[in-house]
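Working notes, structure below.
See the structure below:
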């Protein structure tokens, strides 16, 4: 039994297809199949049921896969502990980021980071919060940028900044004429929301004085895009809440700040405790903080809205 065989088994469990798993591991399908058979012969058990489509782990396979994930996490942690500070920024790292943050934060810090740290390769994927947590715990992501706290005891969180929620309404909406908006002004039945799974949706509902019961429109619409919701609101349909980084110059007539302490989400770098890469985390933290617009960094009083 060797580390490579464990990696093949994990890849096969994730993809449930020999060809796709082999491509993920950058080997040929016959090579992966042969190594799996060698491992099964050594163990004396079948790890996958090939008669199922897609294939699935056997009962023995489920036990083996769970243990294999833990072993690989420990090995990765060992390698990380042995890296010097100089080399800790070199390599390929998988970064997850929530969709309500990615289109607004990545363009701010990523170009400068890539130029400053050419030996650091970031493979970035947009993922919803619960999927990010699962991927971090299963060692499929090295780190993530997301709303916190997660409440996960095996994850470490490095706070980057607080991002205010802003009221977003159509031209002429009464709340836009107020000096500041209060949470009690909001009615969840009039708010356009992101789809289930987005942490920002949960935060928006948690801020309202009442939960949604019946939409105030003769249609039901949920979007996976903040930009789509903003376009609908500009057209006169309901109102919404938006994160401050998403607000551009054309949005200014449609936004209003909340009274302090402002509702906000805490944004952090999150990683598994087994990831021993303090220099990597610090480099990303510093680049993000330097790239943030001044109005985001301005001192304010916040009320952190939970999403979980």
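Residue numbers (our numbering): 6 to 313. Glycine is no exception: its CB is placed at the ideal position from the N, C-alpha and C atoms. As the structure is a computational prediction, the values presented were derived from the model and not from experiment.
By the beta-carbon neighbour count (other beta carbons within 10 angstroms, threshold 16), residue 155 is buried. Minimum Cα-Cα distance from residue 191 among the listed residues 200, 313, 173 and 250 corresponds to 173.
Residue pairing from DSSP leaves residue 37 without any beta-bridge partner. Rounded to whole angstroms, the gap between the alpha carbons of residue 30 and residue 16 is 7 Å.
The alpha-carbon of residue 307 is positioned some 57 Å away from that of residue 43. Under the 10 Å beta carbon count, residue 27 is surrounded by 16 or more other beta carbons and is classified as buried. Residue 149 and residue 83 have their C-alpha atoms some 21 Å from each other. Around the beta carbon of residue 48, fewer than 16 other beta carbons sit within 10 angstroms, so the residue counts as exposed. Beta-carbon to beta-carbon, residue 257 and residue 247 are separated by about 12 Å, too far to satisfy the 8 Å threshold. Between the region 276-295 and the region 109-128 there are three or more C-beta pairs closer than 8 Å, enough to call the two in contact. If you ignore the 5 residues before and after residue 263, its C-beta comes within less than 8 Å of the C-beta of 169, 170, 171, 172, 185, 186, 187 and 188, all in its own chain and listed in chain order. The region 62-79 makes no contact with the region 96-113, as fewer than three CB pairs between them are under 8 Å. The three-state reading of DSSP puts residue 126 in strand, counting E and B together. Just measuring C-alpha positions, the residue of 176, 305 and 255 sitting nearest residue 241 is 176. Bounds of any beta strand (DSSP E) do not take in residue 278, whose DSSP letter is neither H nor E.
Taking C-beta atoms as the reference points, residue 310 and residue 268 count as a pair closer than 8 Å. In the DSSP assignment, residue 142 falls within the unbroken alpha helix (DSSP H) covering 134-142. For residue 57, the three-state secondary structure derived from DSSP is coil.
For the options 56, 23 and 138, the alpha carbon positioned closest to that of residue 40 is the one of 23.
Straight-line measurement puts the Cα of residue 65 at about 6 Å from the Cα of residue 52. Considering only 143, 21 and 122, the residue with the shortest C-alpha distance to residue 287 is 122. The residue among 183, 275, 127 and 143 with its C-alpha nearest the C-alpha of residue 259 is 183. Taking the Cα of residue 179 as reference, the smallest distance to any Cα among 305, 8 and 261 is reached at 261. Of the candidates 212, 205 and 250, the residue whose Cα lies closest to the Cα of residue 193 is 212. Judged by their CB atoms, residue 277 and residue 159 are nearer to each other than the 8 Å cut-off. Annotation for residue 245: the continuous beta strand (DSSP E) segment containing it runs 245-248. Note on residue 151: 16 or more other CB atoms within 10 angstroms of its CB, so buried under the neighbour-count rule.
Selection 85, 254 and 96 evaluated against residue 279 yields 85 as nearest (Cα-Cα). Counting along the chain, the unbroken alpha helix (DSSP H) around residue 121 starts and ends at 107-121. The three-state reading of DSSP puts residue 273 in strand, counting E and B together.
Straight-line spacing of the CA atoms in residue 74 and residue 265 works out to 45 Å. In the displayed model, residue 75 falls within a helix according to three-state DSSP. For the 8 Å CB-CB criterion, residue 162 and residue 275 form a contact.
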